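A.B. asks: Protein chains in written order, with this note's numbering: chain A, 133 to 344; chain B, 133 to 344; chain C, 133 to 344; chain D, 133 to 344. Note that CB positions come from ideal geometry on N, CA and C, so glycine has one too. In this text, all values refer to a predicted model and were calculated from it rather than measured experimentally. Okay, here's the structure, questions in a sec.
Number of protein chains: 4
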Amino acid sequence: MQSSTPAGRAGRPRSAAADTAILAATRAALVDLGWSKLTLGDVATRAGVAKTTLYRRWAGKNELVVDAVAELFDELELPDSGSLAADIEGVVLQFATILARPEAASGLMAVVAESTRDAALRERIRTSIVERQKRLVLEGRARAEARGELPPEPDAGQAGRTVDLIFDLVAGAVVHRTLVSAGAADEEWVRDLSRVLLTGLAGTVQEPAAPR
Amino acid sequence: MQSSTPAGRAGRPRSAAADTAILAATRAALVDLGWSKLTLGDVATRAGVAKTTLYRRWAGKNELVVDAVAELFDELELPDSGSLAADIEGVVLQFATILARPEAASGLMAVVAESTRDAALRERIRTSIVERQKRLVLEGRARAEARGELPPEPDAGQAGRTVDLIFDLVAGAVVHRTLVSAGAADEEWVRDLSRVLLTGLAGTVQEPAAPR
Amino acid sequence: MQSSTPAGRAGRPRSAAADTAILAATRAALVDLGWSKLTLGDVATRAGVAKTTLYRRWAGKNELVVDAVAELFDELELPDSGSLAADIEGVVLQFATILARPEAASGLMAVVAESTRDAALRERIRTSIVERQKRLVLEGRARAEARGELPPEPDAGQAGRTVDLIFDLVAGAVVHRTLVSAGAADEEWVRDLSRVLLTGLAGTVQEPAAPR
Amino acid sequence: MQSSTPAGRAGRPRSAAADTAILAATRAALVDLGWSKLTLGDVATRAGVAKTTLYRRWAGKNELVVDAVAELFDELELPDSGSLAADIEGVVLQFATILARPEAASGLMAVVAESTRDAALRERIRTSIVERQKRLVLEGRARAEARGELPPEPDAGQAGRTVDLIFDLVAGAVVHRTLVSAGAADEEWVRDLSRVLLTGLAGTVQEPAAPR
DNA sequence: TGCTAACCGAGACGGTACGTCGGGTCTTAGT
DNA sequence: ACTAAGACCCGACGTACCGTCTCGGTTAGCA
Numbered sequence: 133m134q135s136s137t138p139a140g141r142a143g144r145p146r147s148a149a150a151d152t153a154i155l156a157a158t159r160a161a162l163v164d165l166g167w168s169k170l171t172l173g174d175v176a177t178r179a180g181v182a183k184t185t186l187y188r189r190w191a192g193k194n195e196l197v198v199d200a201v202a203e204l205f206d207e208l209e210l211p212d213s214g215s216l217a218a219d220i221e222g223v224v225l226q227f228a229t230i231l232a233r234p235e236a237a238s239g240l241m242a243v244v245a246e247s248t249r250d251a252a253l254r255e256r257i258r259t260s261i262v263e264r265q266k267r268l269v270l271e272g273r274a275r276a277e278a279r280g281e282l283p284p285e286p287d288a289g290q291a292g293r294t295v296d297l298i299f300d301l302v303a304g305a306v307v308h309r310t311l312v313s314a315g316a317a318d319e320e321w322v323r324d325l326s327r328v329l330l331t332g333l334a335g336t337v338q339e340p341a342a343p344r
Numbered sequence: 133m134q135s136s137t138p139a140g141r142a143g144r145p146r147s148a149a150a151d152t153a154i155l156a157a158t159r160a161a162l163v164d165l166g167w168s169k170l171t172l173g174d175v176a177t178r179a180g181v182a183k184t185t186l187y188r189r190w191a192g193k194n195e196l197v198v199d200a201v202a203e204l205f206d207e208l209e210l211p212d213s214g215s216l217a218a219d220i221e222g223v224v225l226q227f228a229t230i231l232a233r234p235e236a237a238s239g240l241m242a243v244v245a246e247s248t249r250d251a252a253l254r255e256r257i258r259t260s261i262v263e264r265q266k267r268l269v270l271e272g273r274a275r276a277e278a279r280g281e282l283p284p285e286p287d288a289g290q291a292g293r294t295v296d297l298i299f300d301l302v303a304g305a306v307v308h309r310t311l312v313s314a315g316a317a318d319e320e321w322v323r324d325l326s327r328v329l330l331t332g333l334a335g336t337v338q339e340p341a342a343p344r
Numbered sequence: 133m134q135s136s137t138p139a140g141r142a143g144r145p146r147s148a149a150a151d152t153a154i155l156a157a158t159r160a161a162l163v164d165l166g167w168s169k170l171t172l173g174d175v176a177t178r179a180g181v182a183k184t185t186l187y188r189r190w191a192g193k194n195e196l197v198v199d200a201v202a203e204l205f206d207e208l209e210l211p212d213s214g215s216l217a218a219d220i221e222g223v224v225l226q227f228a229t230i231l232a233r234p235e236a237a238s239g240l241m242a243v244v245a246e247s248t249r250d251a252a253l254r255e256r257i258r259t260s261i262v263e264r265q266k267r268l269v270l271e272g273r274a275r276a277e278a279r280g281e282l283p284p285e286p287d288a289g290q291a292g293r294t295v296d297l298i299f300d301l302v303a304g305a306v307v308h309r310t311l312v313s314a315g316a317a318d319e320e321w322v323r324d325l326s327r328v329l330l331t332g333l334a335g336t337v338q339e340p341a342a343p344r
Numbered sequence: 133m134q135s136s137t138p139a140g141r142a143g144r145p146r147s148a149a150a151d152t153a154i155l156a157a158t159r160a161a162l163v164d165l166g167w168s169k170l171t172l173g174d175v176a177t178r179a180g181v182a183k184t185t186l187y188r189r190w191a192g193k194n195e196l197v198v199d200a201v202a203e204l205f206d207e208l209e210l211p212d213s214g215s216l217a218a219d220i221e222g223v224v225l226q227f228a229t230i231l232a233r234p235e236a237a238s239g240l241m242a243v244v245a246e247s248t249r250d251a252a253l254r255e256r257i258r259t260s261i262v263e264r265q266k267r268l269v270l271e272g273r274a275r276a277e278a279r280g281e282l283p284p285e286p287d288a289g290q291a292g293r294t295v296d297l298i299f300d301l302v303a304g305a306v307v308h309r310t311l312v313s314a315g316a317a318d319e320e321w322v323r324d325l326s327r328v329l330l331t332g333l334a335g336t337v338q339e340p341a342a343p344r
């Protein structure tokens with residue numbers, strides 16, 4: 133009979149503004165209340181939105197917070213400071229700065245905790261946050277190769293393993309420093325970290341070639 | 133946790149068995165339900181204890197879980213494998229093994245998340261879990277010095293900084309690998325990690341000395 | 133319900149079929165769900181109509197159900213059985229039969245309950261249902277007078293009062309019997325009722341005769 | 133181990149005051165809001181009680197309101213006015229007065245409406261309200277017999293049927309008059325009603341006798 | 001035949017109340 | 001003074017309907 137309802141078309145379309153408002157409200161609530169006292173009702177109120185609207189778009193607190201936090205890490209960008217070491221220090225410092233913000237720390241750790249029992253959530257975290265930021269490592273390597281600081285990586289498999297290890301080392305160390313050891317991830321600490329990292333990788337990755 | 137009937141003594145003394153039962157029940161509940169679905173009522177039931185009893189001894193869910201999880205890490209011990217590298221690999225692997233258990237991962241991450249907004253809880257985690265296990269780093273260093281693998285650290289302040297950094301690196305990397313990257317922290321990965329670590333530290337901390 | 137294109141006329145006229153479908157769907161929903169679980173969304177779905185269409189024509193659940201139920205009572209008609217007593221029994225039995233239908237009972241009682249706090253609704257019920265059926269009492273009296281069973285009523289005011297009383301007695305008794313006492317309003321019961329009624333009225337209406 | 137927990141014994145006993153407060157709050161809410169806008173949350177608040185306490189004792193709105201309304205009718209008592217006619221008028225007037233109160237009308241009709249789809253509720257209404265008040269009819273008859281106004285009823289079955297009919301007639305008529313016809317059930321109307329009733333019953337039930 | 005206004009379906013929207021669940025406290029009786 | 005049991009107040013949960021509001025699309029009736 134009718135043909136011009138291509139797939140899902142009829143009815144009032146979803147408000148695009150609502151998404152934005154809800155994610156912002158979620159971050160604000162994380163700042164004020166932290167994960168455990170954050171309620172979806174409160175988020176809805178802050179966003180000027182009905183609770184139902186929120187549930188229509190996200191399955192629950194976990195999914196909502198993942199999205200809200202993921203946006204935070206999109207701010208990260210690789211500074212072009214002229215040397216690999218400086219580049220690393222710069223981006224690690226940015227990461228530490230973001231993680232020092234209460235909405236990032238509280239939200240991220242909580243969803244990671246939840247994800248230990250929810251594979252779908254774990255996957256969502258990985259794609260929305262982790263994989264998404266590996267771009268920084270890749271960019272950094274490319275830039276360093278261009279500068280001649282690093283030889284081109286011949287083996288793609290090995291390269292992937294190294295990127296993963298770097299990421300776990302950096303992200304893990306910053307998180308642990310900030311949240312568990314309760315120390316400041318300041319410039320000095322970041323310098324120590326990146327020095328260990330660079331030296332360690334230099335001496336490891338191209339094992340046979342460089343006797344240093 | 134509780135005093136040993138300080139002075140005033142009348143009345144029935146607290147059951148010592150209850151403490152043990154409650155902590156075990158807490159871990160069991162963490163395994164079955166995870167942090168967020170764990171309820172104190174359920175823990176009490178599993179422990180065969182009234183909710184009242186539980187609240188008389190712990191302030192709430194957070195404190196209870198910290199204690200329950202802390203016990204897990206007391207299992208860690210430094211194997212004497214003959215070389216620093218092997219020692220490190222051994223203990224890191226143990227750590228990864230414990231962290232792979234659902235009650236450890238779920239519980240630990242959750243209380244860390246909570247601790248971002250609760251200084252007292254953060255302190256409790258630090259003393260009950262983190263500082264308590266730094267013994268491993270210290271033992272390892274001492275043993276390595278005795279073997280002649282490392283020179284004695286002259287500067288105590290510098291030594292502390294290095295221990296902290298090592299701890300953040302190792303613990304952070306394992307946690308990130310296990311929970312976020314969702315990769316196995318297996319022997320191969322641990323070998324990569326400890327190689328980077330040793331090389332990095334050797335080339336950094338005692339700059340002039342070590343040619344390796 | 134709606135005017136017949138009052139003056140401004142352009143545009144598509146309302147579907148007449150929709151009204152019919154909606155009222156039928158309402159009765160069907162009353163049968164299946166009863167008043168309290170009846171939802172307008174469900175009625176709309178059953179009628180194959182959008183919720184909007186429904187709200188464009190009725191103010192709410194109450195008004196809709198009044199109209200849906202009112203139609204049921206238009207089925208009533210006064211049988212010509214030859215005697216006043218038989219006529220009364222016949223019509224009362226019809227009334228009882230209708231009231232035994234779940235859509236009538238459930239819907240009618242519910243709107244009456246609502247009407248205790250809503251004068252407009254009460255008026256709507258009175259005009260759409262009650263007054264509309266008083267025709268039966270008037271017809272019955274006229275027929276009885278024609279037969280010579282009753283003397284002509286001289287005083288119009290008094291006549292009105294009597295009609296009202298009869299109506300309250302009959303309708304009230306049937307409703308109470310059916311819904312509250314949970315007894316069947318069967319032929320035997322109806323015979324008892326109409327005998328009491330006729331006797332009582334006969335001894336009463338012609339007041340002046342009996343000094344009491 | 134323990135034996136002296138006879139059946140249901142352990143734990144804090146239910147507050148008796150809460151029941152009273154809740155029923156009173158229910159009636160107050162009926163007055164202010166009517167049935168359909170009455171919410172259990174609001175009743176709980178008015179009663180100074182948690183919603184859970186309320187749900188622990190009543191299955192829902194219907195059951196609660198039945199109990200709340202039932203208490204109202206316990207106020208009814210048969211006045212001893214010296215004659216059967218006057219006794220009837222007196223008690224009918226009392227009944228009408230109670231029914232004129234908004235909490236009675238709104239609540240009673242609503243639960244009757246609900247009861248059309250819920251046999252358990254219907255039974256609860258019958259026992260808690262209807263049967264409970266038949267005492268009035270029985271008392272009235274006994275008193276009239278003692279006065280010699282009525283001959284003793286020989287047949288018990290017939291007596292029951294008559295009592296039921298009277299009850300349906302009186303209660304039904306008053307309800308219909310008050311709620312549907314929207315007329316006042318005042319002294320004059322009550323006199324008309326009871327006259328019809330007495331006459332009708334006198335001429336019917338003891339067919340042969342009726343001297344009057 | 002083509003305009004155009006009022007209609008129609010679908011479905012998202014801001015709300016309100018639901019009935020349930022868990023947190024932590026308190027009141028019993030029993031050890 | 002402890003314990004188990006369980007009722008208590010509180011507040012959040014996720015769901016269901018309410019009645020309103022856009023949408024895109026249809027369908028008379030007048031020109």
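Hey, quick one: how far does the alpha helix (DSSP H) through Pro-284/A stretch, first residue to last?
C.D. replies: Careful: Pro-284/A lies outside any alpha helix (DSSP H) and carries neither H nor E.
A.B. asks: For a test of the three-state rule: what should DSSP assign to Thr-248/A, helix, strand or coil?
C.D. replies: DSSP places Thr-248/A in coil when its eight states are reduced to three.
A.B. asks: Quick check on Lys-169/B: does DSSP put it in helix, strand or coil?
C.D. replies: Lys-169/B: coil per DSSP, three-state reduction.
A.B. asks: Quick one, are the C-beta atoms of Val-269/C and Val-295/C less than 9 Å apart?
C.D. replies: Yes, they are a contact pair.
A.B. asks: Use the C-beta contact count for Ala-228/D: other C-beta atoms within 10 angstroms, 16 or more gives buried, fewer gives exposed.
C.D. replies: Buried, because 16 or more other Cβ atoms sit within 10 Å of the Cβ of Ala-228/D.
A.B. asks: For Leu-155/D, which residues of its own chain have a beta-carbon under 7 Å away from its beta-carbon, when the five flanking residues on both sides are left out?
C.D. replies: The residues are Asp-199, Ala-200, Glu-203.
A.B. asks: Compare the C-alpha of Ala-150/D against each of Phe-299/D, Val-175/D, Gly-292/D and name the closest.
C.D. replies: Ranking the options by Cα distance to Ala-150/D, first place goes to Val-175/D.
A.B. asks: Whole angstroms are fine: how far does the CA of Ala-217/D sit from the CA of Leu-77/D?
C.D. replies: What the structure shows of chain D is the stretch from 133 to 344, and residue 77/D is not part of that stretch, so it cannot be assessed.
A.B. asks: Identify, in the order they occur along the chain, each residue of the same chain with its Cβ nearer than 7 Å to the Cβ of Leu-311/A, setting aside the five sequence neighbours on each side.
C.D. replies: Cβ within range, chain order: Ala-237, Met-241.
A.B. asks: Kindly provide the ranges of any alpha helix (DSSP H) runs that are 4 or more residues long and lie completely inside the region 222-268 of chain C, ordered along the chain.
C.D. replies: As far as the region 222-268 of chain C is concerned, its whole alpha helix (DSSP H) runs of at least 4 residues are 234-247, 251-257.
A.B. asks: In or out: Ala-341/C buried (at least 16 other Cβ within 10 Å) or exposed?
C.D. replies: Confidence in Ala-341/C is poor, its pLDDT being 37 and thus under 50, which makes the residue's placement too unreliable to answer from.
A.B. asks: Taking Phe-205/B as the reference, which of Asp-212/B, Gly-239/B, Gly-192/B has the closest Cα?
C.D. replies: Answer by Cα proximity: Gly-239/B.
A.B. asks: By how many angstroms is the C-alpha of Ser-168/C removed from the C-alpha of Glu-235/C?
C.D. replies: If I take the Cα positions, the gap works out to 12 Å.
A.B. asks: How long is the line joining the alpha carbons of Ala-274/D and Gly-280/D, rounded to whole angstroms?
C.D. replies: For Ala-274/D and Gly-280/D, the distance between alpha carbons rounds to 10 Å.
A.B. asks: The alpha helix (DSSP H) with Thr-184/B in it runs from where to where?
C.D. replies: That run of the alpha helix (DSSP H) goes 183-189.
A.B. asks: Less than 9 Å between CB atoms is the rule here; does Asp-219/B satisfy it with respect to chain A?
C.D. replies: Not one chain A Cβ lies under 9 Å of Asp-219/B.
A.B. asks: Within the same chain, show all residues whose beta-carbon is closer than 6 Å to that of Asp-324/D, passing over the 5 residues directly before and after it, in chain order.
C.D. replies: Excluding positions up to five away in sequence, the list is empty.
A.B. asks: When Cβ atoms are compared, which residues of the region 180-192 of chain B fall closer than 8 Å to chain A?
C.D. replies: Residues passing the 8 Å Cβ filter: none.
A.B. asks: Report the neighbours of Leu-329/C on chain D: residues whose CB is nearer than 7 Å to its CB, in chain order.
C.D. replies: By Cβ distance, chain D contributes Gly-332.
A.B. asks: Taking CB distances under 9 Å as the criterion, tell me whether Pro-283/B reaches chain A.
C.D. replies: Not one chain A Cβ lies under 9 Å of Pro-283/B.
A.B. asks: Between Leu-325/B and chain A, is the shortest Cβ-Cβ distance under 9 Å, so that the two count as touching?
C.D. replies: Chain A contact via Cβ: present.
A.B. asks: Given this structure, state the Cα-to-Cα distance separating Val-181/C from Lys-193/C, to the nearest angstrom.
C.D. replies: Near 16 Å, if we compare the C-alpha coordinates of Lys-193/C and Val-181/C.
A.B. asks: On the three-state DSSP scale, how would you describe Leu-330/A?
C.D. replies: It is helical.
A.B. asks: Examine chain B for any beta-carbon lying closer than 9 Å to the beta-carbon of Gly-315/A, and answer yes or no.
C.D. replies: Output row for Gly-315/A: interface = yes.
A.B. asks: For the alpha helix (DSSP H) containing Ala-291/D, list its first residue and its last residue.
C.D. replies: First-last of the alpha helix (DSSP H) with Ala-291/D: 288-307.
A.B. asks: At a Cβ threshold of 9 Å, is Ile-257/A touching chain B?
C.D. replies: It does; some Cβ of chain B falls within 9 Å.
A.B. asks: Look at the alpha carbon of Leu-172/D and the alpha carbon of Thr-152/D, and state the distance between them as a whole number of angstroms.
C.D. replies: Approximately 15 Å, taken between the alpha carbons.
A.B. asks: Does DSSP put Leu-204/D in a helix, in a strand, or in coil?
C.D. replies: Helix, per DSSP.
A.B. asks: For Phe-227/A, decide whether its Cβ has a neighbour in chain B, counting only Cβ atoms nearer than 9 Å.
C.D. replies: Taking Cβ atoms only, chain B never reaches closer than 9 Å to Phe-227/A, which makes this a no.
A.B. asks: Would you say Arg-178/A and Ala-191/A are within 9 Å of each other, going by their C-beta atoms?
C.D. replies: No, these two residues do not count as a Cβ contact at 9 Å.
A.B. asks: Which of the three DSSP states is assigned to Leu-210/A in this structure?
C.D. replies: It is coil, neither helix nor strand.
A.B. asks: Determine the burial state of Asp-219/A: buried for a count of at least 16 other Cβ atoms within 10 Å of its Cβ, exposed for fewer.
C.D. replies: Flag for Asp-219/A reads buried.
A.B. asks: If Pro-211/C and Val-223/C are in contact, beta carbons under 8 Å, what's the gap, nearest whole angstrom?
C.D. replies: Indeed, because the Cβ distance is near 7 Å, the residues count as touching under 8 Å.
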